[in-house]
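Undergrad: In order, the protein sequences belong to chains A and B. The first sequence maps to residues 1 to 220 in full-length UniProt numbering. The second sequence maps to residues 1 to 295 in full-length UniProt numbering. Pasting a structure below so you can have a look.
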Amino acid sequence: MKYKSVFDIIGPIMIGPSSSHTAGAARIGRVARSLFGRQPKWANISFYGSFAKTYKGHGTDVAIVGGLLDFDTFDERIKTSLQIADSLGVSISFHEEDAVTDHPNTAKVVIGDDDGELELVGISIGGGKIEITELNGFALKLSGNHPALLVVHDDRYGAIAGVANVLAKFAINIGHMEVSRKEKGQKALMTIEVDQNIDDAVIQELSALPNITQVTKIVD
Amino acid sequence: MFRNVAELIEIAQSSNKKISEIMIEQEMEFTGRTREEIFEQMDKNLTIMEQAVERGLEGVRSVSGLTGGDAVLLQKYIEKGNFLTGKNILDAVSKAVATNEVNAAMGTICATPTAGSAGVVPGTLFAVKNVLNPTREEMINFLFTSGAFGFVVANNASISGAAGGCQAEVGSASGMAAAAIVEMAGGTPDQCAQAMAITLKNMLGLVCDPVAGLVEVPCVKRNAMGAANAMVAADMALAGITSTIPCDEVIDAMYKIGLTMPTALKETAQGGLAATPTGRELEAKIFGVPLQKGD
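Here's what the structure looks like:
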């Protein structure tokens, strides 16, 4: 089931006019920001399908930038997010893509600063609900319903077990887990949705495990 | 967890509980949150809905200039007293319009189930409120009942115009509202499902053809008609009228119609009213783009 909570149906509280184009876009931007872990210096945002055709009138542009600035769907500052980004020195560019994607409301966000870059593809599936379908080139499914952990690691034996053991030690239950890798023995990504919130102590212990490159949490 | 309307009604009937109660219990089970926490969040949504209606009735105008002010016109018309339909229906219509006009003007609303269809449930709720004098708790329950039916549609069909046409957006919202009105008016869970089915049946085939791609024309007036549709269907169900096609089959039909609907009629602004000469002229004017030919 895609929709699990009554508040996916009655909600979110948001700035109009479109839950798919405005609230969903804000959430895609905010997930990217949360994964990046800090305010980016620049952002290249590509819109596909219906997003590409109607983003200006729907405020998809201001919403996604609002998300990148860590604004929630109901934050009034969304309306002036482009000016706010400008005043904070964040440079933004938008691209309307012609490519046909699996979902009509798709956005690709590439953000970065002097220390790194992050690329994320998200889709807005209706009623403000989103799915993140790609992170740094890895295909993934993330419902956004639960706290989630993204663990970038080297594709070695025991790496997954190590992570699972730490979560077990902290009594954190895994609801959904996916592992994807680009090539055997190369960089890989664990996507783990959990039932409990994750403390920084857990993140630190996971980060210290062998073969683990980066651990990021997303809190719903 | 209920997966369809039949299961929802069965659970409500066998436990002798209202549909709102079944939704609350499922939410508690799924999220592990307390009843108080869940109620508090829905109370917040209700407050946002209330504020949006109030703001819309004061009069708003969208950035594009396409919509705004109709809720006010309708309230003035009701005050004159010479209306042909009925006061409660027109009240629901004006409040649905008020909410959607606020949405179009980039105001704060609660998506129900989406932003484009956010007017129907609050519009009918605040109109019925004047007739049935519900408690705050009963008003919050109205939203849980709406949510229960929307939950089934979202998981078995779609609530997005881009995916299923406007039947999936305003259609779903109207069905959700009709069911909730019936519960608030003292109808049975089965009557709620009948009202939902009757409403959605009459919204089948509704395309999503927003002029200039904006959630304004025809969306605001579709919220109006969705609210009227919900009010009438609720009265029909309360009168004992049933839907010949069961609710779950209507939802399934809506889903399949959405799948076979051309992309031009699913929120792309490539067909329908968006592709009329006037629609294209407005698009060119608002976005300063060359005038496209109609289909």
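By construction, the Cβ of each residue, glycine as well, lies at the ideal position given by its N, Cα and C atoms.
1) Do A:Ala23 and B:Ala275 have their CB atoms nearer than 9 angstroms?
2) What are the start and end residues of the beta strand (DSSP E) that includes B:Cys192?
3) Taking A:Gly116 as part of the alpha helix (DSSP H), name the residues at either end of that continuous run.
4) Count the other CB atoms within 10 Å of the CB of A:Gln204; is the residue buried (16 or more) or exposed (fewer)?
5) Do three or more CB pairs link the stretch 116-128 of chain A to the stretch 22-41 of chain A at distances below 8 angstroms?
6) Smallest Cα separation from B:Phe2: which of B:Asp248, B:Ala185, B:Asn130 and B:Lys285?
7) Find out if the Cβ-Cβ distance for the pair A:Val109, A:Ser18 is shorter than 9 angstroms.
8) Indicate the three-state DSSP secondary structure (helix, strand or coil) for A:Gly37 in the structure shown.
9) I need the straight-line Cα distance from B:Ala197 to B:Thr31, nearest angstrom please.
10) Within a Cβ cutoff of 7 angstroms, which residues of the same chain sit near B:Arg61, ignoring the five residues on either side of it in sequence?
11) Taking the C-alpha atoms as reference points, what is the distance between A:Gly185 and A:Ala85?
12) Check each candidate in A:Gly49, A:Asp102 and A:Ile132 and name the one with the smallest Cα separation from A:Arg33.
13) Return no unless some Cβ of chain B is closer than 9 angstroms to the Cβ of A:Glu131.
14) Shorter than 9 angstroms from the beta carbon of A:Thr54 to some beta carbon of chain B?
15) If we cut at 9 angstroms on Cβ distances, does B:Cys110 have a partner in chain A?
16) Measure the beta-carbon distance from B:Ala178 to B:Ala230 and round it to whole angstroms, keeping in mind my assumption that it falls under 8 angstroms.
17) Which value, in whole angstroms, describes the spacing of the CA atoms of B:Ile19 and B:Pro189?
18) Taking 7 angstroms as the limit between beta carbons, can you name the residues of its chain near B:Ala12, skipping five residues before and five after?
19) Do B:Ala92 and B:Gly123 count as a contact pair if the criterion is CB distance below 9 angstroms?
20) Could you tell me if A:Ile130 is buried or exposed, where buried requires 16 or more neighbouring beta carbons within 10 angstroms of its beta carbon?
21) According to the Cβ coordinates, are A:Gly59 and A:Ile78 closer than 9 angstroms?
22) Between B:Glu141 and chain A, is there a C-beta pair that is closer than 9 angstroms?
23) Where does the unbroken alpha helix (DSSP H) through A:Thr54 begin, and where does it stop?
24) I need the DSSP call for residue 305 of chain B, collapsed to helix, strand or coil.
25) Please report the Cβ distance between B:Val207 and B:Leu265, rounded to the nearest whole angstrom; I am assuming they are in contact, meaning their Cβ atoms lie under 8 angstroms.
26) Just the Cα atoms here: how many angstroms apart are A:Ala52 and B:Gln167?
27) If you draw a straight line from the alpha carbon of B:Glu79 to that of B:Asn130, how long is it in whole angstroms?
28) Closer than 7 angstroms by beta-carbon distance: list the chain B residues that pair up with A:Thr22, in chain order.
29) Tell me, which residues are paired with A:Asn105 by DSSP?
30) Taking C-beta to C-beta, are A:Ile13 and A:Thr73 nearer than 9 angstroms?
31) Between B:Val120 and B:Ser160, how many whole angstroms is the CB-CB distance? I'm expecting something under 8 angstroms.
32) Mind listing the chain A neighbours of B:Leu286? Cutoff is C-beta to C-beta under 8 angstroms, in chain order.
33) From what residue to what residue does the alpha helix (DSSP H) around B:Ser172 run?
34) Helix, strand or coil, according to DSSP, for A:Gln214 in the structure here?
35) If the cut is a Cβ gap below 7 angstroms, which residues of chain A does B:Gln41 touch?
36) Say whether chain B places a C-beta atom closer than 9 angstroms to the C-beta of A:Phe74.
TA: Let me lay it out:
1) no
2) From DSSP, B:Cys192 is part of no beta strand (DSSP E) but of the alpha helix (DSSP H) over Pro189 to Lys201.
3) Taken as a continuous stretch (DSSP letters only), A:Gly116 belongs to no alpha helix (DSSP H), being part of the beta strand (DSSP E) at Gly116 to Gly126.
4) exposed
5) yes
6) B:Asp248
7) no
8) coil
9) 29 angstroms
10) Gly68, Gly69 and Ala105
11) 40 angstroms
12) A:Ile132
13) no
14) yes
15) yes
16) 4 angstroms
17) 6 angstroms
18) Lys18, Ile19, Ile22 and Pro189
19) yes
20) buried
21) yes
22) Note that residue 141 of chain B is Asn in the sequence shown here, rather than Glu. No, B:Asn141 lies away from the interface with chain A (no Cβ there is under 9 angstroms from its Cβ).
23) Gly49 to His58
24) Residue coverage of chain B in this structure runs from 1 to 295, which leaves residue 305 of chain B outside it and unanswerable.
25) 4 angstroms
26) 23 angstroms
27) 15 angstroms
28) Ala115
29) A:Gly49
30) yes
31) 16 angstroms between Cβ atoms; not a contact.
32) Note that residue 286 of chain B corresponds to Ile in the displayed sequence, not to Leu. Those within 8 angstroms of B:Ile286 in chain A are Gly57.
33) Ser172 to Met184
34) strand
35) Phe7
36) yes
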